[in-house]
Ligand SMILES: Cc1cc2nc3c(=O)[nH]c(=O)nc-3n(C[C@H](O)[C@H](O)[C@H](O)COP(=O)(O)O)c2cc1C
Ligand code: SF4
Ligand code: FES
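Written out as structure tokens, the structure is:
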């Protein structure tokens with residue numbers, strides 16, 4: 001019997017993993033070979049998906065990207081013994097695209113069976129929680145503080161400081177809430193982790209619960225992620241059965257349990273206070289801060305709200321120590337960042353790297369340049385509220401402060417690449433359109449300003465009273481930046497302003513690059 | 520309340536207006552509160568969709584791979600706007616803003632199943648298959 005590993009990550013499914021499985025089963029039956037197929041998550045090389053792996057005497061040998069039509073040929077070439085074939089990539093860990101990464105958070109993703117608590121433990125899982133169970137809440141929080149871990153959801157707030165506020169808050173019941181809403185376009189790390197290594201998130205949240213004295217956790221994710229929802233729910237059941245969740249975790253006397261809640265298609269529900277309202281069954285309207293969620297969060301109780309990747313970084317930190325984590329990275333951006341390479345790139349996917357690598361390396365070395373083969377023109381980093389950078393800013397290192405200095409933001413680590421057919425006036429218009437559609441409606445600059453923004457850009461690109469409308473646009477951006485309650489309205493000027501600043505020619509109605517001219 | 524609304528939509532394909540007073544009573548809330556929640560979230564439909572639902576991504580990574588022309592072309596060929604349903608009731612077209620499939624764009628969900636690297640041909644195949652089943 002031969003063991004095969006085949007991802008069922010949503011991206012692998014989208015690229016035909018099920019058809020590959022059907023072909024494999026049919027061919028195996030025809031040839032009288034017995035296969036054991038383990039479904040994994042993705043290792044993150046979306047450009048190699050479906051990435052099929054075979055267990056051989058020399059370890060796991062990968063083949064990708066495999067299409068159903070390749071299966072017979074692969075078997076003919078002796079794939080089951082690791083035979084040579086143009087799609088063979090060798091041992092994935094040794095392939096340069098993976099070997100050059102620093103996989104701390106994503107070490108198991110794509111390797112383990114995400115439905116098996118036993119497999120997780122066999123790959124070193126729950127070591128961090130086991131350690132934490134024997135520590136005081138204060139000691140856990142100190143370790144997280146010392147690691148320098150900053151929230152991976154976008155704002156980059158120090159995780160340990162947040163946890164300490166909740167730990168010290170009075171209030172009886174406390175909650176741990178995972179922000180798995182991942183609404184930023186160009187990002188998929190949370191999804192990949194929940195589908196490929198859901199126990200890591202469970203472990204991170206349980207450690208948070210033990211640290212701050214909370215016994216109940218929620219994972220709030222989006223309805224666009226049905227596969228992640230299923231994987232998360234199955235893992236929670238399995239963790240409970242194995243005693244890693246429940247009234248008395250592994251006999252430690254600590255209680256922690258959790259459940260998954262699904263949103264309903266509202267980008268703003270990724271903002272933490274809107275998320276809490278949504279969890280309470282209300283409209284996802286943003287709450288004014290203060291009070292901070294750490295003091296008055298879910299149902300008015302002290303609540304830790306962190307991104308999936310913030311929680312998922314903690315088990316490694318607990319196991320290997322804060323110092324080891326802080327040894328990666330640069331300046332005040334410590335540890336690793338899950339960079340998601342998206343859009344018009346040849347080799348899209350997720351790469352985990354220490355902070356500080358230049359954006360250019362991400363796009364050119366890992367991403368391999370544009371998918372269309374046309375010249376690069378712009379990159380948007382940090383989701384729909386992130387800046388558009390031109391070629392001249394590609395040497396910006398991937399760290400929070402460097403990006404802020406360059407007028408952008410790292411956000412959740414999404415890197416969306418565009419070739420020279422992009423029209424930045426359309427991207428700026430889209431930023432306003434998106435803000436208008438997704439605004440929670442609480443404050444005027446965001447709700448009305450975004451609608452006005454679309455109109456003004458339309459006038460500018462139509463060449464109507466251009467000078468006057470540029471002035472209106474500048475005012476609008478200033479008001480939105482200064483007077484919005486949250487970053488939805490407050491940061492929409494970032495993509496718009498960066499497009500204006502770096503690509504003014506696209507807003508020039510008289511000299512506009514017509515889409516035809518780019519053909 | 521969201522789990523209840525999700526269950527309704529799962530069962531009926533939408534959250535019908537008639538359901539609002541029932542949900543309000545069950546949760547001891549006013550109808551206005553329930554109505555407010557239902558209308559806040561983009562997912563909830565007031566009327567049932569076609570037999571199949573295609574959620575096409577309109578966000579930036581998909582735009583970078585031609586999503587705008589792709590959806591415009593499909594809408595032109597079908598004579599539909601966003602949220603529209605074909606006359607034979609086979610397919611409803613809905614916009615999505617990122618499906619987490621940004622490294623294999625342009626992407627869509629067809630009845631919840633992911634599709635990637637879409638082109639006109641692939642979408643026409645979806646339309647044809649939706650008509651048959
Ligand atoms: C409009 C908007 C959308 C957001 N979307 C997300 C999101 O999808 N996921 C996320 O983790 N944080 C998101 N955030 C940030 C959260 O408000 C919050 O900072 C985060 O959950 C804190 O966790 P962290 O410290 O671990 O990053 C968003 C913020 C805003 C203003
Ligand atoms: S900025 Fe926009 S999304 Fe944020 S609170 Fe104001 S209206 Fe709501
Ligand atoms: S932007 Fe289309 S799937 Fe993410």
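Protein chains in written order, with the working numbering: chain E, 1 to 519; chain X, 520 to 652.
C-beta: ideal position from N, C-alpha, C; glycine also.
Do you know how far the Cα of residue j is from the Cα of residue i?
i                      : j                      : result
residue 193 of chain E : residue 312 of chain E : 9 Å
residue 46 of chain E  : residue 202 of chain E : 25 Å
residue 516 of chain E : residue 579 of chain X : Interpretation of residue 516 of chain E is limited by its pLDDT of 48, a score under 50 that renders its predicted location unreliable; no figure is taken from the coordinates.
residue 152 of chain E : residue 158 of chain E : 10 Å
residue 149 of chain E : residue 413 of chain E : 15 Å
residue 305 of chain E : residue 82 of chain E  : 45 Å
residue 230 of chain E : residue 520 of chain X : 20 Å
residue 527 of chain X : residue 535 of chain X : 8 Å
residue 200 of chain E : residue 126 of chain E : 8 Å
residue 548 of chain X : residue 137 of chain E : 39 Å
residue 552 of chain X : residue 543 of chain X : 8 Å
residue 519 of chain E : residue 372 of chain E : Because the pLDDT at residue 519 of chain E is just 39, under 50, the model does not fix this residue reliably, and the value given afterwards should be weighed accordingly. Straight-line Cα distance between these residues: approximately 12 Å.
residue 246 of chain E : residue 256 of chain E : 5 Å
residue 11 of chain E  : residue 5 of chain E   : 16 Å
residue 402 of chain E : residue 409 of chain E : 9 Å
residue 345 of chain E : residue 374 of chain E : 10 Å
residue 76 of chain E  : residue 110 of chain E : 26 Å
residue 139 of chain E : residue 91 of chain E  : 39 Å
residue 61 of chain E  : residue 54 of chain E  : 5 Å
residue 328 of chain E : residue 354 of chain E : 6 Å
Nearer than 7 Å: is that true of the beta carbon of residue i relative to any heavy atom of ligand 3?
i                      : result
residue 618 of chain X : yes
residue 185 of chain E : yes
residue 579 of chain X : yes
residue 440 of chain E : no
residue 652 of chain X : no
residue 576 of chain X : yes
residue 180 of chain E : no
residue 624 of chain X : yes
residue 435 of chain E : no
residue 621 of chain X : yes
Can you find a heavy atom of ligand 2 that lies under 7 Å from the Cβ of residue i?
i                      : result
residue 268 of chain E : yes
residue 484 of chain E : yes
residue 286 of chain E : yes
residue 154 of chain E : no
residue 447 of chain E : yes
residue 489 of chain E : yes
residue 443 of chain E : yes
Using 7 Å as the cut-off, classify the Cβ of residue i as near or not near the heavy atoms of ligand 1, replying yes or no.
i                      : result
residue 562 of chain X : no
residue 310 of chain E : yes
residue 496 of chain E : no
residue 455 of chain E : no
residue 348 of chain E : no
residue 224 of chain E : no
residue 271 of chain E : yes
residue 277 of chain E : no
residue 306 of chain E : yes
Does any CB atom of chain E fall closer than 8 Å to the CB of residue i?
i                      : result
residue 520 of chain X : yes
residue 633 of chain X : yes
residue 594 of chain X : no
residue 525 of chain X : yes
residue 617 of chain X : yes
residue 561 of chain X : yes
residue 555 of chain X : yes
residue 642 of chain X : no
Does residue i come within less than 8 Å of chain X when only Cβ atoms are used?
i                      : result
residue 457 of chain E : no
residue 518 of chain E : Confidence in residue 518 of chain E is poor, its pLDDT being 42 and thus under 50, which makes the residue's placement too unreliable to answer from.
residue 69 of chain E  : no
residue 185 of chain E : yes
residue 8 of chain E   : no
residue 417 of chain E : yes
residue 218 of chain E : no
- Message: Restricting to runs no shorter than 3 residues, where is the beta strand (DSSP E) found entirely within the stretch 214-302 of chain E?
- Response: 216-221 and 257-262
- Item | Complete runs of the alpha helix (DSSP H) confined to the stretch 22-100 of chain E [at least 4 residues] | 71-76 and 96-99
- Task: Pick out the complete alpha helix (DSSP H) segments inside the stretch 435-505 of chain E, 4 residues or longer, and give them in chain order.
- Result: Counting only runs of 4 or more, we get 444-462, 466-483, 487-491 and 493-502.
- Complete alpha helix (DSSP H) runs within the stretch 139-180 of chain E (minimum length 4 residues, chain order): 159-168
- Item | Contiguous beta strand (DSSP E) assignments of at least 3 residues, all confined to the stretch 312-379 of chain E | 336-343 and 349-354
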